[in-house]
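Data first, discussion second: the structure below is written as structure tokens.
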Amino acid sequence: MVRNYICKREKYNKEDTENAIKAVRVVAWAIKKLLVSLKYKKKAARRNTALSANQEQELEECLLVISRWGFGLTRDETIHVVADFAASLNVNPFKAQPSKDWLRGFLKRRPRLTTEQGSLNS
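In this note's numbering, each residue carries its 1-based index in the sequence shown increased by 224.
Laid out in structure tokens, this is it:
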């Protein structure tokens, strides 16, 4: 670095800094007030799910019954079961079968369900 370095930014005094902080607080308060007046909900908007809530509930119950019978399903097996389930209802929102992203969202919405990492052969 050069010995005689000259700083390119201005030096701010304490009064300017305090005025800037006050201005930011006023603007932030105005935005909060506006959002409250518009009845803004903090919850993010979601897309519609591929299956209805009742269909997802029925699917969840089926998957829980399968696991109670002792057949733990991997992710791929779960995707195939969901594809068969959608085909049996004559509802096919998926191109061929659900994607792994859909499965991740489904498992997030249904926390009682889990999938095995791999199946053990005994």
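Glycine included, every Cβ here is placed at the ideal spot set by N, Cα and C.
Note that the structure is a prediction, hence the values are computed from the model and not measured.
Setting aside the 5 residues that flank it on each side, GLU284 is surrounded in the same chain by ARG334, ARG336 and LEU337, each with a C-beta closer than 8 Å to its C-beta; the list follows chain order.
For PRO322 and VAL305, the gap between their C-alpha atoms comes out near 10 Å.
In the structure shown, THR338 falls within a coil segment according to DSSP collapsed to helix, strand and coil. Taking the Cα positions, ARG271 is about 12 Å away from TRP326. A contact between stretches requires three or more CB pairs, one per stretch, nearer than 8 Å, and the stretch 244–254 fails this requirement with the stretch 290–299.
Residues ALA310 of the same chain have their beta carbon placed closer than 6 Å to that of ASN316, with the five preceding and five following residues left out of the count.
Within the stretch 280–333, the complete alpha helix (DSSP H) segments at least 4 residues long are 299–312 and 324–333, listed from N- to C-terminus. Within 10 angstroms of the beta-carbon of THR241 lie fewer than 16 other beta-carbons, which makes it exposed. One Cα belongs to ARG292, the other to GLU280, and the distance between them is close to 18 Å. Exposure of ILE230 is indicated by the presence of fewer than 16 other C-beta atoms within 10 angstroms of its C-beta. Between ALA277 and PHE318, the gap from beta carbon to beta carbon reaches 8 Å or more.
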